[in-house]
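Before any comments, here is the structure.
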Amino acid sequence: MLSQLSKEKWTYDTAAHLAARSGFGESPSQLEQWTKQGMEATIQELLHPANDDTPTLPTCAAPNQFAELREQVREATSPDEKRQARRTLRQTTNQQLYEMINWWTQRMLTTPAPLIEKMTLFWHGHFATSGLKVRSPYKLWQQNETFRRYALGNFATLTKAVSRNPAMMVYLDLATSLLEHPNENFARELMELFTLGEGNYSEADIKESARAFTGYRIDRFEQFRFIKNQADGSNKTFLQQTGNWNGDQIIDIILKQPAAAKFISTKLWKFFAYEDPESQLIDKLAELFRQNYEIRPLLETIFSSEEFYSQRARDAIVKSPVQYVVESGRTLGVNLPTGRTLFVVYQRMGQVPFFPPNVKGWDGGKSWINTATLTFRYQLARQLVLGIRMLNNPPSLKAPQVSSLAQASPSAEASPSAQASPSAQTGSLTAQNFVRLPALPVEQLVTAEERKDPEAAVRKIYARAFQTAPDPQLFDRILAVAKLKPLPLADDAIRDLVALMMMTPNYQVC
Amino acid sequence: MSQEPDLLTRRHFLRTSILGAALSWTVPLFVERTFSLLNAEAAETATQIATGKDHPILLVLQLAGGNDGLNALVPFADDLYYRARPTINIPRDKVLSLDGHVGFNPRMAPLKNLFDQGKLAVIQGVGYPNPNRSHFRSTEIWQTASDADKYVKTGWIGRYFDNCCAGEDPTVGVTIGSQLPQTFTAEKNTGIAMTPGGRLGFGKEADASEQRVFNELNGITQDHDLTSGSSIGSLNGPSEPTLSAVEYLQRTALDAQVGTDKIEAILKRTKLEAAYPKTPLGNELSLIARLISGGLPTRVYYASQGGYDTHNAQENSHNNLLGQLADALTAFSNDLTSKGIWDRVLVVSFSEFGRRVAENASKGTDHGTAAPMFICGGNVKPGLYGNHPSLSQLEQGDLIHTVDFRSVYATVLNRWMKAPASKILGRDFAALSFV
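In the order they appear, the protein sequences are chains A and B.
Residues in the first sequence are numbered consecutively from 11, following my numbering.
Residues in the second sequence are numbered consecutively from 542, following my numbering.
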């Protein structure tokens, strides 16, 4: 179990597998470079990326921007004024949330450190908080940076940092937990969802540890502050150990439990490799992880293991909506929508960053796919290739909502394209409301020479789209379509082929 | 004895021709289910698999956002109501009294007619213990029928599908919109979501060969109609194999194709005859009426009306929503009555919570707890059910529920759907008698 992949098994194909799983796919030239430099060097590069030099910050990256707007709401004298002030507050907040979703998407798209972004996405799903309750874009951004900072660091440090993230403190009511009535929400999820998994603690452990997390407050600059006289300074008996534990000590005690290392190792393996891993494999990973909870060595072991590249792992993971969108941009070069259109695209696929459905995060796997989301993915493919229509000037901004609410809200819940959802739902939206993004630029996909040779063209596009050596059956069928088109292949003919590849089950997996 | 060879032959044929190893992934999920259902476990669900054209139909109608129950079903005889809501109350003389104590918002006059005709039941004070005031969490609780402190992945209707509809067509559950509600989330049968025009295909202008390749790549075979039969449902067969991700995708594509093909066919041959209000809900209900009358073998439809989150200046907006609801339901009832199928349909509305008893400073209401459910259909036993929650005994300013929503579900499952409610809901809930 978990023996290292031997050198001769490292090929372009394995490199591509690693690229899709550890990040969002890479260009053929990058993959050739990885093939040449070997697995170990590639993994080291992923684990120790060069600095992502000063990426741009979203507007929300400064605290307390809404103080004035909130004051306007408070001080409004007439109901009309109040309504107006509230609307402005809501719209400004939503604008920043949309912008932040776009900001992160762009970062994943262009990052030189894809594993860091991939792990940031993993931790976001693991320590899930939603803008629906947190509302403050700053707090969500701040937490996103915490995930990024510790993405490959130490799990104990990360968990402690998350417990002090104002976003988490709002989401699981830590910020309003009282000395006299400790709120158990965070304590429960800390054990059930973040570290141990159900069945490895008692209700009494929840009550006791909730007392240890009292005194956590958020100051007016949206920063964590510890208020000693709100903290419970008496003894707690937690997982059979008695002492005047504080929150960090509770986390330390939790991580001494064998269940914790197993829980996280299993979740990471499923995220990167395949479902239902062998128990011996998990035991081995957990044993390693438990030594010091360092994330890097754990990932290094996973990415260099035989099992990670085994047949069982191939095509075993359904791409998440974020993976689908970012990878399409990164490997095929389609232009990604922004703003509210991007939000709606993510929403219809079932994953909006910063808006996980609940504290459990996204279920992932096959649950990404149902008849509606799959139909939408296929429709989206064509639109991305042709240039998606974007809401230019949204008639009215609505609060991002959970799917069931959004789906129910009437006509203004516009679809990103008239094709995806015609007249009935979007009748009120006229053409002026849309701008169309440029269609997929094809020059970078195929050369003038390759346009004259359908097989060469399909081979080239195939390598980018599927990131694997061609499956003969799939390849032949696509080639059959290419051969019907006049030569040299026109731009639209090439776009047709890209769309066809994206509209296959194989494109939905990696 | 004489039937034995026949059966074996048929079973053999189906196994080898449909479930043959090489072809197994081209079989739509629902056919696979037909084979997998089949053993002891399914037998004990005490539900017949037949899909005839006369099975009962359920429409779950979500009033999203938290319907202000107190301004819909108004406790007009109680002064406390008027004291709690000095500016947004429904004046006593406007309320459409049902029993001298409570009555409908005047905009619900069409529903009052349904009530008087004996086609409407109202369940008062429906909620659950330890109410959650978050939209998404409370919606999830209602959709999964879980306790407030438990997370359940599957929806209550999804579990009905799994327990009682194995082997059926993917259109056993149909929701209008792009997202399947969690109500439908199931281990196996999840139903389909449809948006008008949301068709699986390569594209409008695609030529035949492209469309053919697209179909092949997605495992969509032309002969999927061979599987419409219900008779094979009683055969024994292998249990559902574990599907690879790609196989699962191919099957979902096929389910989408089969579902949208059927729906399109029905929409093509049915016309919009009855008059429906031109509202989002009116559109959804008219669509559903066409699918029902067109013979889609759907057991459960899901529709929703949004906008009930009335935190400020709610008077007009809330009254309008109730008016739209009443108008759409009345059109639906008239339409189905004239088509002779209203007796087969039961509409059950719910909202994730009601709203606080006291109005807020913005002439609106904040998230609350218990609220009434409206249930209508040709076969409903009309009247008021449950007790109206007390306005003097509140918990943190909120109503204390008098009927657990799962009692309503249990009634619907047991008495209307003829399904094993306690198995689906995890335990027994006292049934009511509205059907």
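Ideal placement from N, C-alpha and C gives every residue a C-beta, glycine not left out.
Remember, predicted model here, so these are calculated numbers, not experimental data.
Residue(s) in a DSSP beta bridge with residue i
i, result
"B/V888", "B/L600, B/C917"
"B/S845", "B/Q603"
"A/H27", "Its beta-bridge partners do not exist; DSSP assigns none."
"A/T252", "A/T247"
"A/E304", "A/N164"
"B/L925", "B/V663"
"A/Y226", "A/F236"
"B/G668", "B/D945"
Cutoff 7 Å: residue i Cβ touching any chain A Cβ
i, result
"B/I532", "In this structure chain B extends from 542 to 976, so residue 532 of chain B is not present and cannot be described."
"B/G967", "no"
"B/S750", "yes"
"B/L826", "no"
"B/Q937", "no"
"B/V754", "yes"
"B/N730", "no"
"B/L758", "yes"
"B/T953", "For the record, residue 953 of chain B in the displayed sequence is Val; it is not Thr. Judged by the 7 Å Cβ criterion, B/V953 is not in contact with chain A."
"B/F975", "no"
Straight-line Cα distance separating residue j from residue i
i, j, result
"B/D876", "B/I829", "11 Å"
"A/A492", "A/P65", "40 Å"
"B/G836", "B/I698", "21 Å"
"B/C706", "B/T695", "15 Å"
"A/F282", "A/F34", "12 Å"
"A/A509", "B/Y843", "32 Å"
"B/L639", "A/Q389", "49 Å"
"B/V921", "B/L932", "29 Å"
"B/D595", "B/S963", "25 Å"
"B/F873", "B/G909", "30 Å"
"A/T103", "B/V787", "40 Å"
"A/A430", "B/A749", "Because the pLDDT of A/A430 is 31, which lies under 50, any placement of that residue in the model is unreliable, and the question is left without a value."
"A/W114", "A/Y181", "21 Å"
"A/L521", "B/I598", "Limits of chain A in this structure are 11 at one end and 520 at the other, which puts residue 521 of chain A out of reach."
"B/A734", "B/L866", "22 Å"
Minimum Cβ-Cβ distance from residue i to chain B less than 7 Å
i, result
"A/V144", "no"
"A/V521", "The requested residue 521 of chain A does not occur in the structure, where chain A is confined to residues 11 to 520."
"A/A326", "yes"
"A/T514", "yes"
"A/V519", "yes"
Residues near residue i in its chain [Cβ-Cβ closer than 8 Å; skip 5 each side]
i, result
"A/K238", "G225"
"A/A185", "P176, M179, Y226, R227, I228"
"A/Q40", "A29"
"A/M511", "I471, Y472, A475, F476, I488, Y517"
Close Cβ partners of residue i (< 7 Å) along its chain, the five nearest in sequence each way excluded
i, result
"A/E218", "K246, T247, F248"
"A/G163", "I305"
"B/I965", "W697, R700, Y701, N704, L954"
"B/G525", "This structure gives no information on residue 525 of chain B, because the portion of chain B shown stretches from 542 to 976."
"A/F165", "I274, Y303, I305"
"B/D907", "H852, R896, R897, N901"
Contacts around residue i, its chain only, beta-carbon distance under 6 Å, and the 5 residues preceding and following it disregarded
i, result
"B/A815", "D876"
"B/A912", "N608, G610, S892, G895"
"A/N193", "D183, S187"
"B/G864", "R648"
"B/Y623", "N630"
"A/P268", "none"
"B/R810", "none"
Any non-hydrogen atom of the ligand ZN closer than 6 Å to residue i Cβ
i, result
"A/L447", "Absence of the ligand ZN is noted for the structure shown, with no ligands found whatsoever."
> When you check each C-beta in the region 369-398 of chain A against every C-beta of chain C, which residues fall closer than 9 Å?
Replying inline: Considering every chain present, this structure includes no chain C. Its protein chains are A and B.
> Taking Cβ-Cβ distances below 8 Å as the criterion, which residues of the region 789-802 of chain B are in contact with chain A?
Replying inline: Y789, L790, Q791, T793, A794, D796, A797, G800, T801
> Mind listing which residues of the region 900-912 of chain B have their C-beta closer than 7 Å to chain A's C-betas, in chain order?
Replying inline: S903, K904
> For the region 478-505 of chain A, which residues have a beta carbon sitting closer than 8 Å to at least one beta carbon of chain B?
Replying inline: L484, R487, I488, A490, V491, L494
>> Please identify, using Cβ separations under 9 Å, the residues of the region 84-103 of chain A that lie next to chain B, in order along the chain.
In response: P89, D90, K92, R93, R96
> Can you list, in chain order, the residues of the region 663-679 of chain B whose Cβ is nearer than 8 Å to any Cβ on chain A?
Replying inline: S675, H676, F677, R678
>> Against chain A, which members of the region 841-867 of chain B pass a CB distance test of less than 7 Å?
In response: S845, Q846, G847, G848, N853, A854
> Going along the region 341-372 of chain A in order, which residues come within less than 9 Å of chain B, judged by CB to CB distance?
Replying inline: Q357, R358, G360, P367, N368, V369, K370
>> For the region 682-707 of chain B, list every residue whose C-beta sits within 8 Å of some C-beta in chain A, in sequence order.
In response: Q684, Y692, K694
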